[in-house]
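A short worksheet on the structure shown next.
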Amino acid sequence: MIVKKLIVLFIIALFAVSCGTTRRAKIATEDAEAVSVIQKHYQNEADFKTVMGKLRAVYQDDERTQSVNLSFRMEKDKAIWMSASILGFPVAKAYITPERVSYYEKVTQTYFDGDFSLVSDFVGTPLDFEKLQNLLIGQAIYDLRNEKYDFSATGRGFQFASAEGEFIKKMFLLNPSNFKASAQQLTQEKDNRGVTITYSDYQSTDGFIFPEEIKIIVNEGNSSTNIELTYRSLSFNEEVTFPFEIPSGYEEISLK
205 MIVKKLIVLF IIALFAVSCG TTRRAKIATE DAEAVSVIQK HYQNEADFKT VMGKLRAVYQ
265 DDERTQSVNL SFRMEKDKAI WMSASILGFP VAKAYITPER VSYYEKVTQT YFDGDFSLVS
325 DFVGTPLDFE KLQNLLIGQA IYDLRNEKYD FSATGRGFQF ASAEGEFIKK MFLLNPSNFK
385 ASAQQLTQEK DNRGVTITYS DYQSTDGFIF PEEIKIIVNE GNSSTNIELT YRSLSFNEEV
445 TFPFEIPSGY EEISLK
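With my numbering applied, the sequence shown covers 205 to 460.
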């Protein structure tokens, strides 16, 4: 089912090449221009309390292409909620907090409800809420202040790349007009897998700069999965609720 694949891929596949980090108080990079760009990236982070709106998601793998509409709500740093529908019929809901990942699907009558440690054990690497939130709002998935990167100003924007020999190769490209992410790439060459995220455009709503379209490409071996997300009708700093209750009788999904 597309919805389950979307949710699982959205939450898990991104972090298949992830690892934990600790935020630094001081910027690790010493290059003066790079420091200035990093500072502007975080100064321009959308400082909202809540956001809600609609998302159009298109999922494509080696076997099929399918689209789904998502109602989207977020309380920054606290919760992400999505309700999926196809042809106007609700089919699934997801509720994600820094501590927990919960999801259920109506068609298959299945659900998952567990903390991030269960998902981390399943994929074999630490996961966290912050990276998913950063992806959705156009911030660097990894905190650029934590590591030293090879920095260059290119015709496409400001590029930060991890040094050669790193277990996980990271690349972040920032838009020179708003210092938001234009592209992000994480690669594990040894395991022949990686994820590429691109932001084709940004929109300004209620004074907040927010992505308009996000494209996610996940590669593993010879297999490739694409997700395109398009934001619609966003509104900020309104009261939001996160209605979520797993229906009785649904079968639990085991991540083993």
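Just so you know, even glycine gets a beta-carbon here, dropped at the ideal spot from N, CA and C.
Along the chain, where does the alpha helix (DSSP H) that runs through residue 336 open and close? 333-341
Could you give the C-beta distance for residue 475 and residue 403, rounded to a whole number, given that I count them as a contact under 8 Å? This structure cannot settle anything about residue 475, because the visible part of the chain is limited to 205 through 460.
Should residue 371 be labelled buried (16 or more other beta-carbon atoms within 10 Å of its own) or exposed? So residue 371 ends up on the exposed side.
Starting from residue 430, follow its DSSP beta bridges and name the residues at the other end. 264 and 421
In chain order, what residues of the same chain lie with their CB nearer than 8 Å to the CB of residue 406, ignoring the 5 residues before and after it? 342, 379, 382, 384, 413, 414, 415 and 416
For the structure I just gave you, are there three or more beta carbon pairs, one from the region 441-455 and one from the region 259-270, closer than 8 Å? no
Is the beta carbon of residue 305 sitting closer than 7 Å to the one on residue 295? no
Spatially closest choice to residue 439 from 239, 248 and 257, by CA coordinates: 257
Determine the contact status of residue 388 and residue 376, defining contact as a CB-CB distance below 7 Å. yes
For residue 430 and residue 422, I'd like the C-alpha separation in whole angstroms. 6 Å
Could you tell me the alpha carbon to alpha carbon distance between residue 396 and residue 442, rounded to whole angstroms? It is roughly 43 Å from the alpha-carbon of residue 396 to the alpha-carbon of residue 442.
Backbone CA spacing between residue 386 and residue 452 [nearest angstrom]: The straight-line gap from Cα to Cα measures roughly 43 Å.
Taking the CB atoms as reference points, tell me whether residue 288 and residue 272 lie closer together than 7 Å. yes
Residue 362 beta carbon less than 7 Å from that of residue 241: yes
My output table needs one value for residue 239: the three-state DSSP class, helix, strand or coil. Residue 239: helix per DSSP, three-state reduction.
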